[in-house]
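Read the structure below first, then the notes.
Written out as structure tokens, the structure reads:
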């Protein structure tokens with residue numbers, strides 16, 4: 008039997024572009040590179056979903072502030088009213104949007120801090136993300 012009839016005995020080679028160099032890799036090394044790229048893509052997708060959930064939590068907190076709290080206040084008191092968005096709100100939004108429940112609190116707090124600063128949450132909201 009030849010190596011072509013028994014593919015598991017053949018040394019498969021794959022050409023992979025790494026930076027500016029094209030290298031020929033053996034099958035196990037090519038599988039490892041592919042797995043690493045896949046894990047990097049999953050991590051990037053998770054981070055994007057976490058930032059989206061943080062934005063959603065901030066939007067929900069602002070909506071609750073404006074729709075519920077402001078209605079009972081006179082116009083002069085509205086400027087001092089503040090809402091609150093917590094790390095747990097982001098975790099809940101992540102569960103509702105994507106069904107993900109196991110989220111490291113440090114990553115959740117970091118995503119909430121980034122979204123809070125980008126959306127100028129200090130104007131009308133408070134957060135516990137800086138305490139973690």
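Numbering (our numbering), first residue to last: 8 to 139.
No residue lacks a Cβ here, since even glycine has one placed at the ideal position from N, Cα and C.
Computed from a predicted model, the values in this text were never measured in an experiment.
Does residue i pass the burial test, meaning 16 or more other C-beta atoms within 10 Å, or should it be called exposed?
| i | result |
| --- | --- |
| residue 54 | exposed |
| residue 90 | buried |
| residue 96 | buried |
| residue 92 | buried |
| residue 62 | buried |
| residue 128 | buried |
DSSP puts residue i in a beta bridge; with which residues?
| i | result |
| --- | --- |
| residue 106 | For residue 106, which the question treats as bridged, DSSP gives no partner whatsoever. |
| residue 128 | DSSP, once it has assigned bridges, lists no residue as partnering residue 128. |
| residue 151 | An answer regarding residue 151 cannot be provided, because it is not within the stretch 8 to 139 covered by the chain. |
Is it true that the CB of residue j sits closer than 8 Å to the CB of residue i?
| i | j | result |
| --- | --- | --- |
| residue 136 | residue 120 | yes |
| residue 77 | residue 88 | yes |
| residue 123 | residue 134 | yes |
Just checking my contact of residue i with residue j at CB under 8 Å: how many whole Å lie between their CB atoms?
| i | j | result |
| --- | --- | --- |
| residue 132 | residue 81 | The Cβ separation is near 21 Å, so there is no contact. |
| residue 118 | residue 43 | Their Cβ separation, rounded to whole angstroms, is 24 Å, which puts residue 118 and residue 43 out of contact at 8 Å. |
| residue 60 | residue 100 | 4 Å |
Review point. At what residue ranges does the stretch 28-82 contain a whole run of the alpha helix (DSSP H), taking only runs of 4 or more?
Key: 34-71
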